[in-house]
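Engineer:
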Amino acid sequence: GAGVSQSPSNKVTEKGKDVELRCDPISGHTALYWYRQRLGQGLEFLIYFQGNSAPDKSGLPSDRFSAERTGESVSTLTIQRTQQEDSAVYLCASSLEVLVNTEAFFGQGTRLTVV
Amino acid sequence: EDQVTQSPEALRLQEGESSSLNCSYTVSGLRGLFWYRQDPGKGPEFLFTLYSAGEEKEKERLKATLTKKESFLHITAPKPEDSATYLCALSGNTGKLIFGQGTTLQVKP
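Chains as they are written, first to last, in this note's numbering: chain D, 6 to 120; chain Z, 5 to 113.
What follows is the structure, given as structure tokens:
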């Protein structure tokens, strides 16, 4: 695709429900990154993928958070049993490769509100 | 542990008043230092990549420079449309792309 696409753009969910956030990276980009951005805060690193593998999951805030990537393309970030502190914008980015470290391009984010 | 610290947190300038934003970093094996611009409600927009000390990049009123410990984003004669949050990020041997907290710039006409 022309750019990184994230869906949904907005999600309101009840506390305790599970949510899935989707990221479609730029075609041909093997590296994919997930971030969380709370209101007025910086970007908090969550996880990155090189291909379909996630070498480092230490940024995930708790075991309620998980992510997967298939076909070196679409990635899904799942939050189970959502809590109010999970409310934030979740941003996805992709780049050609991780080790070469070309620039990463971001989607517009998914704004998650837990009520 | 890789770390990025940006200063100041906020900066207010009059149109035409030049200034600089600072990004201090520590990293194991720098593979790239990146500058992004973020407008409210949008994802970060890529501006520059710097790879080695002494490197400089320019784009319109912006110039990014890099030393072994810091990067600066110089803004020359800013305009109100330059108002945004500017983010610094780096990538090292871990493969992670780590961001600073950002500098929110407001340029008044």
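Backbone N, C-alpha and C define an ideal beta-carbon position, used for all residues, glycine too.
In this structure, what does DSSP give as the bridge partners for D29 of chain D?
Structural biologist: Note: D29 of chain D sits in a beta bridge opposite D:S10.
Engineer: Short of 7 Å Cβ to Cβ, which residues in the stretch 46 to 76 of chain Z face chain D?
Structural biologist: Listed by position, the residues of the stretch 46 to 76 of chain Z near chain D (Cβ gap below 7 Å) are K46, G47, P48, F50 and T53.
Engineer: What residues in its chain sit with their C-beta under 8 Å from that of P84 of chain Z, if we drop five residues either side in the sequence?
Structural biologist: Same-chain partners within the cutoff: E19, V111, K112 and P113.
Engineer: Taking 9 Å as the CB-CB cut-off, is K100 of chain Z touching chain D?
Structural biologist: Interface residue, yes.
Engineer: Whose CA, out of D:D23, D:Q42 and D:K20, lies closest to the CA of T115 of chain D?
Structural biologist: Of D:D23, D:Q42 and D:K20, the residue nearest in Cα terms is D:Q42.
Engineer: How would you list, in chain order, the residues of chain D whose beta-carbon sits under 8 Å from the beta-carbon of L109 of chain Z?
Structural biologist: Within 8 Å Cβ-Cβ: nothing; L109 of chain Z doesn't reach chain D, min ~15 Å.
Engineer: Find the nearest neighbour of T83 of chain D within the set D:Y40, D:A7, D:L101 and D:S32, judged by alpha-carbon distance.
Structural biologist: Residue D:Y40 is the option with its Cα nearest to T83 of chain D.
Engineer: If we ignore side chains and look at the alpha-carbon of each, how far apart do G33 of chain Z and L15 of chain Z end up?
Structural biologist: Using only the alpha carbons, I get a separation of about 31 Å.
Engineer: So, helix, strand or coil for Q10 of chain Z, using DSSP?
Structural biologist: Residue state, collapsed to three classes: strand.
Engineer: Where does Q42 of chain D fall in DSSP's three states?
Structural biologist: Q42 of chain D falls in the strand class under three-state DSSP.
Engineer: Exposed or buried, which one is D91 of chain D when buried takes at least 16 other CB atoms within 10 Å?
Structural biologist: D91 of chain D should be labelled buried.
Engineer: Within the same chain, show all residues whose beta-carbon is closer than 7 Å to that of E77 of chain D, passing over the 5 residues directly before and after it, in chain order.
Structural biologist: Same-chain partners within the cutoff: T35, G56 and N57.
Engineer: Is there contact here, the stretch 9 to 29 of chain D with the stretch 44 to 52 of chain D, by at least three beta-carbon pairs under 8 Å?
Structural biologist: With the cut-off at 8 Å, the stretch 9 to 29 of chain D and the stretch 44 to 52 of chain D do not touch.
Engineer: Quick one: give me the first and last residue of the beta strand (DSSP E) that T89 of chain Z is part of.
Structural biologist: Looking at the DSSP string, the run of the beta strand (DSSP E) that includes T89 of chain Z is A88 to S95.
Engineer: So G106 of chain Z contacts chain D; which residues on that side make the cut at Cβ distance below 7 Å?
Structural biologist: Those within 7 Å of G106 of chain Z in chain D are G47.
Engineer: Would you mind sorting A72 of chain D into buried or exposed? The rule is 16 or more other CB atoms within 10 Å of its CB.
Structural biologist: That one is buried.
Engineer: Quick check: A88 of chain Z and R41 of chain Z, are their CB atoms within less than 9 Å of each other?
Structural biologist: For A88 of chain Z and R41 of chain Z, yes; Cβs fall inside 9 Å.
Engineer: Between T18 of chain D and chain Z, is the shortest Cβ-Cβ distance under 9 Å, so that the two count as touching?
Structural biologist: No, its Cβ sits nowhere closer than 9 Å to a Cβ of chain Z.
Engineer: Flag this pair as yes or no: are the beta carbons of C27 of chain Z and S75 of chain Z separated by less than 9 Å?
Structural biologist: The answer is yes: Cβ separation under 9 Å.
Engineer: Do you know offhand how far S10 of chain D's Cα is from P66 of chain D's?
Structural biologist: The alpha-carbon atoms of S10 of chain D and P66 of chain D are separated by roughly 24 Å.
Engineer: Whose C-alpha, out of Z:D43, Z:K46 and Z:E64, is nearest the C-alpha of T80 of chain Z?
Structural biologist: Considering only alpha carbons, the answer is Z:E64.
Engineer: Alpha carbon to alpha carbon, how far is L96 of chain D from R69 of chain D?
Structural biologist: Their backbone Cα atoms lie some 18 Å apart in a straight line.
Engineer: Please name the residue or residues paired with R69 of chain D in a DSSP beta bridge.
Structural biologist: According to DSSP, R69 of chain D bridges with nothing at all.
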